[in-house]
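This report concerns only the one structure given below.
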């Protein structure tokens, strides 16, 4: 593979991008002949729309987004259903329901506004499940599509909404600013396939060398990030790439990120029990209603071969 292979990558902003930051900083993508350009997305709609258009080749996204748009249940529609496929896992993500300081219980969010990325994709259904398990109905709250986590957190910080779901580093940033965690997704859906890497199935099949190169570079960055001997260096990279993280909360962010239950998935594997959870939630809440059970429709593990893993 020559260094002429350019790859456009779009991911949600957040601490889970640390292995990518590391792979870029340490030259792991260059080592496999890839010139990777990373852009963070303002919303799932922008991300999927531009992935489908071909402006980006790979997306770091929620597994739920892959299912949603493949099934025609996404926030926007396409003339032809996108042939998206997840080829590698990224996170067992912990979603925290961050709320304003005055919110003490779920009853306090009745009639109040909660910010979401979009109402039909991403992690909205995790929130719906949390609300219902707390004894409320979805109709008890006003749900507002705002965009990706930075926008949602800012909307809560400014008082436009009283709560939202966050990932790291935004959870720790919110806590440091006096906001509260009402509950986390680990309490309600302890096994959940959060982040994945996805691409158009046809593009992936026509560019297997680039897919495998990306995987090898990412997995090298992941291995380096998870090595305890690199903790301080990894934290420095995260702080440099995400200046919104206050140094005083950096260790809390790293603790969540390095925990496989709440953060990065060792070896980039896909969790089939976690995939089941995603499909069950989407089967319950999405429209048009359908029962989703077929894993193979949404994933392609053929690129994930032992030789692609870092030594």
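Numbering (my numbering), first residue to last: 135 to 445. A virtual CB, placed ideally from N, CA and C, is assigned to each residue, including glycine.
Check: Classification of residue 301 by the beta-carbon crowding that lies within 10 angstroms, buried from 16 upward; Outcome: buried
Check: Segments assigned beta strand (DSSP E), at least 3 residues, entirely inside the segment 226-257; Outcome: 230-233 and 247-250
Check: Straight-line gap, residue 391 to residue 370 (C-alpha atoms, nearest Å); Outcome: 14 Å
Check: Residue 344 versus residue 198 - alpha carbon distance; Outcome: 24 Å
Check: Integer-rounded CB distance, given that residue 326 should sit under 8 Å from residue 92; Outcome: In the structure displayed, the chain extends from 135 to 445; residue 92 sits before or after that span and is not available.
Check: Residue closest to residue 148, alpha-carbon to alpha-carbon, out of 415, 374, 404 and 338; Outcome: 374
Check: Nonlocal neighbours in the same chain, by C-beta distance under 7 Å from residue 277, ignoring five residues either side; Outcome: 248, 250 and 253
Check: Spatially closest choice to residue 377 from 225, 246 and 303, by CA coordinates; Outcome: 303
Check: Beta-carbon contacts of residue 135 that lie in its chain and below 8 Å, excluding the five residues immediately before and after; Outcome: Legend: pLDDT at residue 135 = 48, less than 50; position of this residue unreliable, value from coordinates given subsequently. Result list for residue 135: 166, 167, 168, 343, 344 and 347, in chain order.
Check: With 16 other Cβ atoms within 10 Å as the buried cut-off, status of residue 416; Outcome: buried
Check: Between the CA atoms of residue 330 and residue 404 - distance to the nearest angstrom; Outcome: 8 Å
Check: Proximal residues to residue 380 (C-beta, below 8 Å), its chain only, five neighbours per side dropped; Outcome: 307 and 310
Check: Whole runs of the alpha helix (DSSP H) within the segment 286-313, excluding any shorter than 4 residues; Outcome: 304-310
Check: Beta-carbon proximity list for residue 270, same chain, < 6 Å, skipping 5 on both sides; Outcome: 240
Check: For residue 144, the three-state DSSP class (helix, strand or coil); Outcome: strand
Check: Pairwise C-alpha distance: residue 144 and residue 154; Outcome: 11 Å
Check: Cβ-Cβ distance between residue 368 and residue 388 below 9 Å; Outcome: yes
Check: Whole-Å CB distance - residue 352 paired with residue 202, under 8 Å assumed; Outcome: Not confirmed; about 24 Å, so no contact.
Check: Three-state secondary structure assigned by DSSP to residue 428; Outcome: coil
Check: Simplified DSSP state of residue 169, which is helix, strand or coil; Outcome: strand
Check: Start-to-end residues for the alpha helix (DSSP H) that takes in residue 223; Outcome: No alpha helix (DSSP H) holds residue 223; the beta strand (DSSP E) holding it covers 218-223.
Check: Close Cβ partners of residue 406 (< 7 Å) along its chain, the five nearest in sequence each way excluded; Outcome: 429
Check: Distance CB(residue 183)-CB(residue 210) smaller than 9 Å; Outcome: yes
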